[in-house]
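Notes follow the structure.
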């Protein structure tokens with residue numbers, strides 16, 4: 071009998087406890103603020119240049135993230151996104167929360183934001199997407215539309231077809247640039263090369279020819295337009311000198327001539343030979359001690375069909391057009407390239423999803439370093455006659471030195487982890503420069 075009462079008492083106590091738990095849970099559910107709930111990881115774009123309202127939920131494979139530019143969402147976010155060309159030295163989200171992953175997208179050379187090249191700045195980022203093969207989302211071959219574009223003969227002109235224009239010199243060379251002040255000394259080199267060869271220059275720099283009327287409008291935003299490619303494909307050579315010489319910084323200047331079946335005369339990335347379709351796909355300025363030596367070789371090459379076409383095996387060798395295994399692997403594995411019009415294929419969409427997946431799936435114990443951007447602090451330029459320097463190289467060297475000083479100040483401010491403004495940063499930069507304390 072006593073045993074039966076004990077069971078009844080125990081059962082009644084269990085029921086009472088259960089009812090209490092249900093009551094408490096139902097009360098919490100009824101009073102829960104759904105406006106604060108979210109099943110999505112949040113990422114915040116940190117840029118004053120995004121003046122429009124941006125707030126989207128993006129599906130990234132099996133993961134979902136909310137991506138916004140609403141700065142008041144920062145406490146709820148797990149990632150902060152920066153666009154390199156728009157970063158301001160006095161505008162960073164500090165104090166920085168321990169949960170915050172900083173992610174940098176910067177496809178440009180250091181001319182816009184020189185402090186990015188420095189390890190002192192880069193080591194505050196978990197995730198990067200730059201031209202360097204060592205970044206988390208490399209953009210090394212972003213300006214190559216596809217492997218098929220390299221091998222296609224859509225714009226291919228035979229050696230005989232390129233040689234039929236009696237009004238052009240045998241070594242017909244095109245140059246088309248509108249950025250006339252570069253770290254690589256591009257315009258200085260071409261100016262010297264023009265002493266020995268006739269070069270048709272269509273851009274703002276050293277212009278001596280006009281594009282056809284149909285191509286004059288906005289050609290800079292249509293660098294791969296079929297009409298422009300057909301027009302330039304009749305040349306034998308095209309000058310392809312980057313605005314800065316950084317490892318893996320390779321733009322359309324290199325890929326576009328190859329797509330057309332024109333031989334690039336290239337200067338820029340010191341790692342360029344890692345990425346050319348075959349062992350001999352371009353003429354490299356650095357292989358010649360001065361422009362005169364290059365000019366002599368171009369004249370020889372322009373009159374020798376066998377030698378000329380040996381540079382165009384990606385068009386002519388139908389059995390094995392691309393022998394570079396690194397390039398072939400990259401074409402299969404790369405996350406972004408121009409010309410992809412499928413949904414979610416833009417550079418910013420790809421970057422956002424890469425960061426989304428990184429934040430959710432990756433342990434955050436590895437930070438970026440200088441290899442993630444990989445640009446030398448000392449400007450590298452093409453060799454001129456008599457070891458002359460390009461006219462503006464001293465200005466670019468000074469700019470990179472200031473960038474190095476900026477990176478050191480930002481490093482100290484980030485480590486201090488307290489808020490600062492542009493006036494604070496500029497005051498410290500001025501103080502160090504006045505006292506020669508930047509180096």
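In this note's numbering, the protein residues as written are 71 to 509.
Glycine included, every Cβ here is placed at the ideal spot set by N, Cα and C.
Please read these numbers as outputs of a predicted model, since none were measured by experiment.
The shortest C-alpha to C-alpha distance from residue 220 to any of 174, 397, 410 is the one to 397. Between the beta-carbon of residue 245 and that of residue 309 there is about 4 angstroms, and that keeps the pair under the 8 angstroms contact cut.
The three-state secondary structure of residue 427, taken from DSSP, is helix. Taking a cut-off of 8 angstroms on C-beta distances, the segment 186-197 does not touch the segment 296-304, as fewer than three cross pairs fall below it. By the 16-neighbour rule on beta-carbons within 10 angstroms, residue 123 is exposed. Sixteen is the threshold: when 16 or more other Cβ atoms of the shown chains lie within 10 Å of the Cβ of residue 260, as they do, the residue is buried. The three-state reading of DSSP puts residue 119 in coil, since its state is none of H, G, I, E or B. 406 is the residue among 436, 437, 406 whose C-alpha sits nearest the C-alpha of residue 424. Apart from the 5 residues on each side of it in sequence, residue 267 sits with its Cβ closer than 8 angstroms to the Cβ of 239, 241, 243, 365, 368, 369 in its chain, given in chain order. Measuring C-alpha to C-alpha distances from residue 493 to each of 481, 159, 375, 470 identifies 159 as the nearest. Each residue's CA atom was taken as its position, placing residue 144 and residue 418 some 19 angstroms apart.
Residue state for residue 508 is assigned as coil, using DSSP reduced to three classes. DSSP places residue 376 inside the alpha helix (DSSP H), whose first and last residues are 375-379. Secondary structure in the segment 333-377: the beta strand (DSSP E) runs of 3 residues or longer, each lying completely within the stretch, are 333-337 in chain order.
Residue 114 places its beta carbon 8 angstroms or farther from that of residue 134. Three or more Cβ pairs drawn from the segment 375-382 and the segment 342-356 lie within less than 8 angstroms of each other, which places the two stretches in contact.
Counting the other CB atoms within 10 Å of its CB gives residue 338 a total of 16 or more, which places it among the buried residues. The shortest CA-to-CA distance from residue 474 to any of 387, 440, 455, 488 is the one to 440.
Taking 8 angstroms as the cut-off, the Cβ atoms of residue 198 and residue 360 do not count as close. Residue pairing for residue 137: DSSP places it in a beta bridge opposite 113, 126. When the Cα atoms are used, residue 462 and residue 426 turn out to be separated by approximately 42 angstroms.
Here residue 448 is near residue 467, since their CB atoms are less than 8 angstroms apart.
For the 8 angstroms CB-CB criterion, residue 154 and residue 176 form a contact.
With three or more CB-CB distances shorter than 8 angstroms, the segment 245-259 counts as touching the segment 268-281. Closest by C-alpha distance to residue 121, out of 232, 141, 507, 136, is 141. When DSSP states are grouped into helix, strand and coil, residue 281 belongs to the coil group. Residue pairing of residue 415 in beta bridges, as defined by DSSP: absent, with no partner found. If the five residues before and after residue 178 are omitted, its C-beta is found closer than 8 angstroms to the C-beta atoms of 154, 155, all from its own chain and listed in chain order.
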